[in-house]
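Residue numbers (my numbering): -8 to 378.
Here is the structure we will look at.
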Ligand SMILES: Nc1ncnc2c1ncn2[C@@H]1O[C@H](COP(=O)(O)OP(=O)(O)O)[C@@H](O)[C@H]1O
Ligand code: SF4
Ligand SMILES: [Mg+2]
């Protein structure tokens, strides 16, 4: 029988054919060289962060005292890690140049589909999402990203946030009085002997009874739990509150109660709100100004009256057409938005809305529209108004 010794000859010197430890020194050297080559290639394949285009240019604004909050060209990008060395290979452009000013004691409604960057805008304004990527956030004229930790801690009481899901934002192990009073005590906002009366007063302002103090969050309904969250924020005597979808998880009848409570508190304490919602009809009753957000940018901005009387941007029109009309005989010309919101990591070129816009032209696919003031204080970012 003829034996094939070729394989044996190639594997000469190995203790086991599949065992790398059994390789000859020459083979081991070659394997190491191949591995080093692969690592090098992997590093070349991943784009280093420095190559990514970060257009960090904005014109700084001067403080105007009529505004409690001035947001100028604000950007917040989240890095995407990839490649063998876990390098930054791209960015989720969650907030991509948002500009608006908010007058003291007023409310701005921020609307748009899920994933368009509303929450990130709110959190970046409050400096709750690490460092901003670019732009300015002036609170009472002070750039909040310039503050030292101690100054920021003091400012925290002035800028509060209320979340969509009141249950998960309340500690299940603390009684309600403790939840509302915890930060008051921590910041020593009232003398010890006045603490109990102060908490009673705050709870009363939010429609809660004194006996609720000793109860736990699970003993309350969704609407009452949101009242507890509002009381917790209000107890710190804030000037500005980001309300992030505060009624989205509640029944329609309860939504109105919470919105009315927020309006009453605003009047009583001269509060300023950034009211976030995916639903235009919800913001109508509370907002003085409305900003419509799409893929990290405001595409339309103006007074609530102007936006509701004369919506300009095709995206705003589509949001309006999705609002159900109570009259069953009314004819609905619903504009159906095709597909879902594109990824903010790879937004479409030109107008970011062009992939879903029924009025898209060739120009929209290549050229980003600029902001146009169509009527005083009513801005839109769309080529249709840029003639
Ligand atoms: N911490 C994070 N890291 C990476 N991506 C994030 C982070 N937070 C939000 N995003 C992304 O940013 C985009 C905007 O999210 P978000 O601000 O929550 O939108 P909205 O509140 O309008 O639903 C989404 O694509 C989301 O996945
Ligand atoms: S710029 Fe063009 S694609 Fe964008 S919203 Fe206007 S019409 Fe539609
Ligand atoms: Mg959100």
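Idealized CB from N, CA, C, for every residue including glycine.
Item to check | The alpha helix (DSSP H) enclosing residue 249, as first and last residue numbers | outcome: Run containing residue 249: 243 to 260, per the alpha helix (DSSP H) assignment.
Item to check | Complete alpha helix (DSSP H) runs within the region 297 to 363 (minimum length 4 residues, chain order) | outcome: Scanning the region 297 to 363 for uninterrupted alpha helix (DSSP H) segments of 4 residues or longer gives 305 to 312, 353 to 357, listed from N- to C-terminal end.
Checklist entry - Where do the ends of the beta strand (DSSP E) carrying residue 171 lie? => result Unbroken run through residue 171 is the alpha helix (DSSP H), 167 to 177; no beta strand (DSSP E).
Checklist entry - By Cβ distance, which residues of its chain are closer than 8 Å to residue 362, with the 5 residues on each side in sequence left out? => result If we look at residue 362 and ignore the five residues flanking it on each side, its Cβ neighbours are 370, 371, 372.
Item to check | Buried versus exposed, by CB contacts within 10 Å (16 or more), residue 85 | outcome: In the assembly as shown, residue 85 is a buried residue. Its beta-carbon has 16 or more other beta-carbons within 10 Å.
Checklist entry - Under three-state DSSP, which class holds residue 131? => result Residue 131 falls in the coil class under three-state DSSP.
Item to check | Distance cut-off 7 Å: residue 360 Cβ against heavy atoms of ligand 2 | outcome: True, at least one ligand heavy atom lies under 7 Å from that Cβ.
Checklist entry - Looking only at DSSP bridge pairs, what is residue 99 linked to? => result Residue 99 is bridged by DSSP to 265, 280.
Next on the checklist: Are there any heavy atoms of ligand 2 lying less than 7 Å away from the beta-carbon of residue 338, as far as the coordinates show?
Outcome noted: No; taking the cut-off as 7 Å, the Cβ of residue 338 has no heavy atom of ligand 2 nearer than that.
Checklist entry - Do the CB positions of residue 214 and residue 101 come within less than 8 Å of each other? => result By the CB criterion at 8 Å, residue 214 and residue 101 fall outside the cutoff.
Checklist entry - Under the rule that 16 or more other beta-carbon atoms within 10 Å means buried, what is residue 105, buried or exposed? => result With fewer than 16 Cβ atoms within 10 Å of its Cβ, residue 105 is classed as exposed.
Checklist entry - What first and last residue would you give for the beta strand (DSSP E) that runs through residue 85? => result Counting along the chain, the beta strand (DSSP E) containing residue 85 begins and ends at 78 to 94.
Item to check | residue 367, DSSP secondary structure in three states | outcome: Residue 367: coil per DSSP, three-state reduction.
Next on the checklist: Quick check on the burial criterion: 16 or more other C-beta atoms within 10 angstroms. Buried or exposed for residue 297?
Outcome noted: With a threshold of 16 other beta carbon atoms within 10 Å, residue 297 meets it and is buried.
Checklist entry - How should residue 54 be labelled, buried or exposed, when 16 other C-beta atoms within 10 angstroms of its C-beta is the threshold for buried? => result By the 10 Å Cβ count, residue 54 comes out exposed.
Next on the checklist: Whole angstroms are fine: how far does the CA of residue 271 sit from the CA of residue 56?
Outcome noted: Between residue 56 and residue 271, the C-alpha separation is close to 29 Å.
Checklist entry - Would you call the region 283 to 297 and the region 325 to 343 touching, i.e. three or more CB-CB distances under 8 Å? => result Yes, they touch.
Checklist entry - Taking the Cβ atom as the reference point for each residue, do residue 151 and residue 256 lie within a distance shorter than 8 Å? => result For the 8 Å CB-CB criterion, residue 151 and residue 256 do not form a contact.
Checklist entry - So does the region 305 to 315 actually touch the region 261 to 276, counting three or more Cβ pairs closer than 8 Å? => result The region 305 to 315 and the region 261 to 276 touch, with no fewer than 3 CB-CB distances between them shorter than 8 Å.
Item to check | Which of helix, strand or coil DSSP assigns to residue 372 | outcome: DSSP places residue 372 in strand when its eight states are reduced to three.
Checklist entry - Cα separation between residue 195 and residue 185? => result Residue 195 and residue 185: Cα-Cα distance of roughly 15 Å.
Item to check | Element boundaries [alpha helix (DSSP H), containing residue 189] | outcome: Here the alpha helix (DSSP H) through residue 189 covers 186 to 196.
Checklist entry - Does the Cβ of residue 107 lie closer than 7 Å to at least one heavy atom of ligand 1? => result With a cut-off of 7 Å, the C-beta of residue 107 is classified as near ligand 1, since at least one heavy atom of the ligand falls inside that distance.
Checklist entry - From the DSSP output, which residues share a beta bridge with residue 229? => result As DSSP reads the structure, residue 229 sits in no beta bridge.
Checklist entry - Just to confirm, does residue 375 get its C-beta within under 7 Å of one of the non-hydrogen atoms of ligand 2? => result Inclusion of residue 375 in the 7 Å shell around ligand 2 follows from its C-beta lying nearer than that to a non-hydrogen atom of the ligand.
Item to check | C-alpha gap between residue 108 and residue 17, whole angstroms | outcome: So the alpha carbons of these two residues sit roughly 56 Å apart.
Next on the checklist: Taking 7 Å as the cut-off, is the C-beta of residue 236 nearer than that to any heavy atom in ligand 3?
Outcome noted: Checking the Cβ of residue 236 against ligand 3 gives yes.
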